[in-house]
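Before any comments, here is the structure.
In full-length UniProt numbering, the protein residues as written are 1 to 575.
Below, the structure written as structure tokens:
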């Protein structure tokens, strides 16, 4: 495809890293994985690394693969959790569930310790997670380096969940975003410099002005250079709750992607705070994701009133077939979606901030205490409890997770609606093919099909019922190339092209969608629902006859309206 169109882009930082519990293989993998900084090692591991270093072996062929055997051994699959279905390779990848948006006592509006969030994420089945405390003046002074020892300790305490350090960036002139880096020597210093130099709250640059938009672009350039100069092994940026306040304009999103395509890779397709819609008196009685806003002076004026609401728990940008997300995909821009908890304070939890907390003085709250009374006004779930982002990784490793996100090998679900998804686009009758985020190149006129294999729920979710998948929708759009109007947020050539009725919650189902003879570039993405709440899409029933319904403010029980979404596969005729 031409420049700006989707194409595979390998990244050099995808080293294996095993997190087994006390296994010799796992310990050795940690010792030789130089993405893991010395300060993150136990004394025994550090001693062993120094021995290899003195012998001149590190960096000279001593790797997890050569020490532990061929790929596919415990080093690749993650010893200590090999009973987990998602640790078994599917379609050549480990599909690792995670969450890139989580807060702790180092955020002014949160309360939990890092290890609390990590242990809960691990218990609820997450393989990876990112700690993203809010950028702010206070946080910029003392927060980034203060939380790092807690993250390092949590990595040691919970060895089979990968714990990234990041922060929630106040994007100049826009909303919030996750910025995170791979573990390494410069993770703290790089994040601290980034926050002090480019955070909108720190720099007084929150207004929607061209100057502030330029500062956001400069921040992404900083991250790109930090990776190129090897200050950190890797870095990624994802826009959070992008339509919540209407201040992430289409041209800003395009500018982020164009500026640093290896760093700015996507957005939350579904925001966190999903418990916020549970009706009073049993819940907060707000909107899912706290999407209960209206336009402000900084909002993009072109957005409709519906954009400030969620649809089936998903952001308007993602939920509208033929809408903003599809307008980016139709340009050939690899722009991926995720889902996460945005966990601050958990619905029904009986904890409270520690007594005598002084956040402004200390940059943190005291450790939480047990209050004894469940708080039903909290709007969040624990990481992994409801929202999950599934990443196809080549190994259980920090770099491999980041590379999987960057390549778009991602699907997301709410409430455990399904357990697994394998998608392959291929020439009809052929094996192989490509998976989510990849591009299938074929001769013009080649007949192409997309095979879909879905592992159904098969067991109760954390609300203790087994979700039933009612329907799967196939959404297809033409790739028409770059647009002249950078603020366009619709595309006319995308629609639901077929649907499959399922009505089951156990076993596996397979479908094959016939794309037909391909004479121009297209993309295909998937969506599935429990069928409890559906409505014609905002662009009309001919585009989306049975899409997610707009969530009702104050009456939106998230467990009664479950969806999954996949990122696209691209199909491009060679000329």
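Each residue gets a CB set at the ideal place from its N, CA and C atoms; glycine is no exception.
Assuming residue i and residue j make a contact with CB atoms under 8 Å, what is their CB distance in whole Å?
i           : j           : result
residue 264 : residue 256 : 4 Å
residue 312 : residue 305 : No, residue 312 and residue 305 are not in contact; Cβ-Cβ is about 18 Å, not under 8 Å.
residue 501 : residue 471 : 6 Å
residue 480 : residue 495 : That belief does not hold up - the Cβ atoms of residue 480 and residue 495 are roughly 14 Å apart, past 8 Å.
residue 550 : residue 309 : 5 Å
residue 419 : residue 457 : 6 Å
residue 437 : residue 567 : 5 Å
residue 363 : residue 146 : 6 Å
residue 140 : residue 195 : 5 Å
residue 129 : residue 118 : 7 Å
residue 248 : residue 182 : At roughly 26 Å, the Cβ-Cβ gap does not stay under 8 Å, so residue 248 and residue 182 are not in contact.
residue 518 : residue 448 : 5 Å
residue 562 : residue 467 : 5 Å
Under three-state DSSP, which class holds residue i?
i           : result
residue 274 : helix
residue 173 : coil
residue 102 : strand
residue 241 : coil
residue 344 : coil
residue 224 : helix
residue 77  : Reliability fails at residue 77, whose pLDDT of 27 lies under 50, so the model's placement of it is uncertain and no value is given.
residue 249 : coil
residue 523 : strand
residue 548 : strand
residue 111 : coil
residue 194 : helix
residue 407 : helix
residue 68  : Summary for residue 68: the model assigns pLDDT 21, below 50, so the residue's position carries little reliability; its value from the coordinates is reported in the next sentence. Helix, per DSSP.
residue 189 : helix
residue 466 : coil
residue 93  : strand
residue 370 : strand
residue 160 : coil
residue 180 : strand
residue 377 : coil
If we ignore side chains and look at the alpha-carbon of each, how far apart do residue i and residue j end up?
i           : j           : result
residue 179 : residue 411 : 20 Å
residue 298 : residue 224 : 28 Å
residue 565 : residue 198 : 32 Å
residue 153 : residue 396 : 19 Å
residue 150 : residue 469 : 40 Å
residue 336 : residue 356 : 42 Å
residue 160 : residue 127 : 7 Å
residue 327 : residue 105 : 38 Å
residue 116 : residue 103 : 11 Å
residue 489 : residue 334 : 16 Å
residue 231 : residue 193 : 12 Å
residue 373 : residue 386 : 22 Å
residue 214 : residue 221 : 11 Å
residue 473 : residue 439 : 20 Å
residue 227 : residue 423 : 31 Å
residue 431 : residue 452 : 13 Å
residue 250 : residue 486 : 6 Å
residue 110 : residue 133 : 9 Å
residue 570 : residue 366 : 49 Å
residue 89  : residue 96  : 10 Å
residue 291 : residue 158 : 33 Å
residue 99  : residue 275 : 16 Å
residue 360 : residue 142 : 10 Å
residue 558 : residue 415 : 8 Å
Label residue i either buried or exposed according to how many other C-beta atoms from any shown protein chain fall within 10 Å of its C-beta, with 16 as the threshold for buried.
i           : result
residue 112 : buried
residue 173 : buried
residue 580 : Limits of the chain in this structure are 1 at one end and 575 at the other, which puts residue 580 out of reach.
residue 475 : buried
residue 345 : buried
residue 281 : exposed
residue 537 : buried
residue 484 : exposed
residue 165 : buried
residue 555 : exposed
residue 575 : exposed
residue 394 : buried
residue 576 : Because the chain here runs from 1 to 575, residue 576 falls outside it and cannot be looked at.
residue 208 : buried
residue 315 : buried
residue 560 : exposed
residue 465 : exposed
residue 503 : exposed
Cβ pair count under 8 Å reaching 3, the region 258 to 273 against the region 402 to 410:
Touching, yes, given that three or more Cβ pairs across the two stretches are closer than 8 Å.
Report yes or no: do three or more beta-carbon pairs, one from the region 551 to 559 and one from the region 273 to 291, lie closer than 8 Å?
yes
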